[in-house]
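Residue numbers (the numbering used here): 7 to 168.
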């Protein structure tokens, strides 16, 4: 694995690592680590940094939904043009082209269920090329980006794989 991939993997685990810590972990200088991170950002490989939040502990009233979207791909651009239209809405957190029973996976957030329902009814489903949608509301997250959302009580029995 090359140095840039090592940096990316370390930052995926903890984006708050200092250049000094990154350098020490992969055996390069602080300055070299900083230069490599800035190069990854400049080249568009690192697109941003985020935080994982336990919304329940924060007492947040935000609602999140996962929406399956079936579309008719357009000639010459396939799914790209419809995806560009959808991703321009501020409510859209994530948008992914999928294989299988539906074409696009859209994750949105809002302040309540009605706000999400109105987004789907008035914005998403009215886009030309959208055939159907299926909305699934997030009830309780358990794990996000590899991190446990809540501290689970220790299970003394351990994990046994079949």
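Glycine included, every Cβ here is placed at the ideal spot set by N, Cα and C.
All of these numbers come straight from a predicted model, not from anything done at the bench.
Residue i - DSSP class collapsed to helix/strand/coil
i, result
"residue 113", "strand"
"residue 49", "coil"
"residue 86", "helix"
"residue 153", "strand"
"residue 76", "strand"
"residue 107", "coil"
"residue 8", "coil"
"residue 93", "helix"
"residue 81", "coil"
"residue 14", "helix"
"residue 21", "coil"
"residue 146", "coil"
Where residue i falls, given that 16 or more other Cβ within 10 Å makes a residue buried
i, result
"residue 115", "buried"
"residue 124", "exposed"
"residue 81", "exposed"
"residue 71", "buried"
"residue 84", "exposed"
"residue 25", "buried"
"residue 63", "exposed"
"residue 29", "buried"
"residue 140", "exposed"
"residue 89", "buried"
"residue 103", "exposed"
"residue 13", "buried"
Limits of the unbroken beta strand (DSSP E) element including residue i
i, result
"residue 137", "136-143"
"residue 101", "98-103"
Host alpha helix (DSSP H) of residue i (start-end)
i, result
"residue 119", "119-124"
- Touch check for the region 24-37 and the region 51-67: three-plus C-beta pairs under 8 Å? no
- For the region 23-72, which segments carrying the alpha helix (DSSP H) assignment without a break, of at least 4 residues, lie completely within its bounds, in sequence order? 25-32, 36-48 and 61-64
- Are the region 84-96 and the region 142-149 touching, with three or more C-beta to C-beta distances below 8 Å? no
- Query: For the 8 Å Cβ check, are there 3 or more pairs between the region 124-138 and the region 71-82?
  - Reply: yes
- Message: Under 8 Å: do the region 101-109 and the region 125-132 share three or more Cβ pairs, one atom per stretch?
- Response: no
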